[in-house]
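The next block holds one structure in the form of structure tokens; read it before the comments.
This is how it looks when you write it as structure tokens:
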């Protein structure tokens with residue numbers, strides 16, 4: 001349960017499942033409005049719906065209600081069937097394509113999704129989640145092949161036909177290949193659900209679902225499995241209990257009610273507000289820190305969840321469509337006719353059992369110290385991988401101590417972290433926050449003395465083991481990461497208004513080194529010959545070898561570093577450097593600079609400038625800081641593109657402030 005005690009393998013697996021769940025959620029959640037519309041249309045107009053049930057005259061099989069609902073004389077028409085068969089999967093596929101490659105990815109993603117929709121006999125949500133992003137990825141790679149090579153005036157022709165042809169090919173693949181496979185999987189999973197229901201085993205799913213919610217693994221289960229299967233089941237029967245396995249607000253409500261009665265300190269004081277947010281707002285993550293404070297309370301959520309599922313199975317109740325967010329309002333809005341009693345009892349029963357078990361556990365708890373709600377909230381955010389928008393409802397903006405020292409860490413502590421620290425330091429300084437230091441460090445040298453640690457997302461778990469008490473922030477793009485703005489927001493909450501500190505800015509001073517000392521003219525190449533990232537690393541490394549800055553073995557260490565974490569920084573810049581173990585191969589600090597006329601594919605991102613780094617001490621830090629400032633300024637980057645001599649390149653880097 002505690003993220004700081006996980007093994008690296010388990011943590012890595014959890015992070016990957018979280019990423020998968022986030023991707024699935026990002027495809028489904030923007031389209032929840034369409035699911036709600038479908039659910040309401042179904043509830044109103046199908047033969048067993050609200051309108052035919054309330055008004056006997058509307059049961060006319062030739063009437064307009066039957067026409068919309070697709071029954072009676074209009075068995076093959078209406079709105080209900082086409083929406084779930086075509087609209088919803090295509091929306092999901094289009095959203096998945098857009099996530100990968102913007103508008104062009106959305107168009108090709110929609111085309112490819114149509115292939116799996118037409119090639120299957122069940123609602124193709126899983127197929128859409130596969131083919132949509134695939135379509136976006138394929139057109140992105142195709143565009144990269146002829147980027148900059150199309151003659152003026154032919155761009156629209158090439159772009160439109162490439163998207164059309166790619167969509168055609170992928171749609172055919174989806175029709176004959178992916179569609180039948182996903183259909184078979186959906187039917188098999190459906191049979192599995194029927195088996196669990198038929199043998200009264202469905203309540204046991206709470207053993208997995210309730211802990212998964214606290215660990216933020218629920219999106220992969222909910223949107224990857226339960227929503228597609230539930231929608232297929234609802235199409236056939238008009239409702240599905242699967243929509244309530246994860247969305248039932250009862251277990252979380254019971255936990256919060258127990259803290260209201262038997263809790264202590266901040267946890268007891270904040271529980272009433274959290275209960276309102278959780279039950280009415282549907283934001284379930286608000287109760288996760290309470291469980292993380294007392295991990296044994298997971299037993300209360302499991303038993304409460306099992307109770308809710310058992311009651312729903314007993315009464316044969318279910319929802320017509322997903323309830324998102326999991327608010328009691330959204331649950332009732334999607335409750336199928338004839339299921340209101342069962343759904344109500346399932347929520348009340350789940351809350352009652354969860355409350356009873358949690359109350360016993362809290363009342364018999366021998367711990368004398370007040371639970372640390374702030375620490376539990378920080379752990380929740382670490383598990384989630386980003387700041388929680390509802391965390392302030394628990395601990396308030398002033399509950400956390402001011403952050404005065406930030407570390408930007410990478411494997412070697414001399415390349416990515418140095419540039420990232422420079423960018424973040426400038427943002428913090430420009431925002432007016434004083435008394436905050438930003439340093440860079442190798443992960444192996446980290447100590448648990450920092451308030452906040454920033455790392456590449458692939459290194460966060462390693463950094464957390466070294467600095468378990470710090471707030472951890474993961475980034476992908478070192479130059480323009482949106483997480484930097486979140487850090488500024490966090491500083492605003494913990495440190496007060498910018499400039500409110502009595503201390504002066506404490507950004508560490510960096511040695512005033514001339515670029516000539518670290519970046520020689522012979523180490524600047526205006527037209528690199530490499531065409532791949534691997535070759536570019538070798539080219540930049542050989543320049544360092546030629547400058548007698550490193551031994552030949554350092555070049556291999558640069559390749560090893562790239563295998564673990566990408567050194568792409570953003571804005572067309574990559575800064576390959578060796579591992580921490582390779583510092584013995586550095587003779588003196590050196591930097592090489594290679595410009596490429598055609599951007600190199602650097603793990604799917606275009607690298608136009610490659611800066612090789614070998615840092616023996618701190619004498620290269622000043623130049624790295626200036627390079628970082630250059631690549632934050634589009635005009636300065638354009639100057640680098642236009643530079644015709646090595647002297648001009650060095651001048652641009654030396655003049656940056």
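Numbering (the UniProt record's numbering), first residue to last: 1 to 657.
Here a beta-carbon is modelled for each residue, glycine too, at the ideal position from N, C-alpha and C.
{"Item": "Residue 60 - DSSP class collapsed to helix/strand/coil", "Value": "coil"}
{"Item": "Status (buried if at least 16 other CB within 10 Å, exposed otherwise) for residue 668", "Value": "Outside the modelled stretch of the chain, which goes from 1 to 657, sits residue 668, for which no answer is possible."}
{"Item": "Proximity test, residue 191 beta-carbon vs the ligand MN heavy atom, cut-off 7 Å", "Value": "Absence of the ligand MN from the depicted structure is noted, as is the absence of any ligand whatsoever, leaving it without description."}
{"Item": "Beta bridge counterpart(s) of residue 568 as assigned by DSSP", "Value": "574"}
{"Item": "Cβ neighbour criterion (16 or more within 10 Å) applied to residue 210", "Value": "buried"}
{"Item": "Chain-order list of residues whose beta-carbon lies under 6 Å from that of residue 557 (same chain, five-residue window excluded)", "Value": "578, 579, 582"}
{"Item": "Cβ neighbours of residue 424 in the same chain (closer than 8 Å, five flanking residues each side left out)", "Value": "406, 408, 438, 454, 484, 487"}
{"Item": "Contact check, residue 267 vs residue 259, beta carbons under 8 Å", "Value": "yes"}
{"Item": "Residue nearest to residue 170 in terms of C-alpha spacing, selected from 452, 155, 107, 87", "Value": "107"}
{"Item": "Residue 30 - DSSP class collapsed to helix/strand/coil", "Value": "helix"}
{"Item": "Chain-order list of residues whose beta-carbon lies under 6 Å from that of residue 241 (same chain, five-residue window excluded)", "Value": "312, 318"}
{"Item": "Backbone CA spacing between residue 167 and residue 109 [nearest angstrom]", "Value": "8 Å"}
{"Item": "Beta-carbon proximity of residue 300 to residue 328, cut-off 8 Å", "Value": "no"}
{"Item": "The segment 38 to 49 in contact with the segment 66 to 85 per 3-pair CB rule at 8 Å", "Value": "yes"}
{"Item": "Candidates 142, 445, 435, 530: closest to residue 495 by CA position", "Value": "435"}
{"Item": "Residue closest to residue 559, alpha-carbon to alpha-carbon, out of 602, 529, 549, 522", "Value": "602"}
{"Item": "Presumed contact (8 Å Cβ cut-off) between residue 571 and residue 637, rounded CB distance", "Value": "7 Å"}
{"Item": "Neighbour-count burial assignment, residue 288, 16 or more Cβ in a 10 Å radius", "Value": "buried"}
{"Item": "C-beta atoms of residue 132 and residue 162 nearer than 8 Å", "Value": "no"}
{"Item": "Neighbourhood of residue 113 by C-beta, 6 Å cutoff - its chain only, sequence neighbours within 5 removed", "Value": "89, 90, 93, 128, 131, 132"}
{"Item": "3-residue-minimum beta strand (DSSP E) runs that sit fully inside the UniProt domain \"PTS EIIA type-2\" (517 to 656), ordered along the chain", "Value": "568 to 570, 590 to 602, 605 to 614"}
{"Item": "Between the CA atoms of residue 469 and residue 463 - distance to the nearest angstrom", "Value": "11 Å"}
{"Item": "Host alpha helix (DSSP H) of residue 233 (start-end)", "Value": "227 to 237"}
{"Item": "Beta-carbon contacts of residue 642 that lie in its chain and below 6 Å, excluding the five residues immediately before and after", "Value": "none"}
{"Item": "Continuous alpha helix (DSSP H) stretch holding residue 354: start and end", "Value": "340 to 363"}
{"Item": "Length of the line joining the Cα atoms of residue 561 and residue 589", "Value": "18 Å"}
{"Item": "Start-to-end residues for the alpha helix (DSSP H) that takes in residue 139", "Value": "125 to 145"}
{"Item": "Length of the line joining the Cα atoms of residue 678 and residue 174", "Value": "Absent from the structure is residue 678, since the part of the chain shown begins at 1 and ends at 657."}
{"Item": "Cβ neighbour criterion (16 or more within 10 Å) applied to residue 64", "Value": "exposed"}
{"Item": "Residue 584 classed as buried or exposed, judged by whether at least 16 other C-beta atoms fall within 10 angstroms", "Value": "exposed"}
{"Item": "Reduced DSSP secondary structure (H/G/I, E/B, other) of residue 173", "Value": "helix"}
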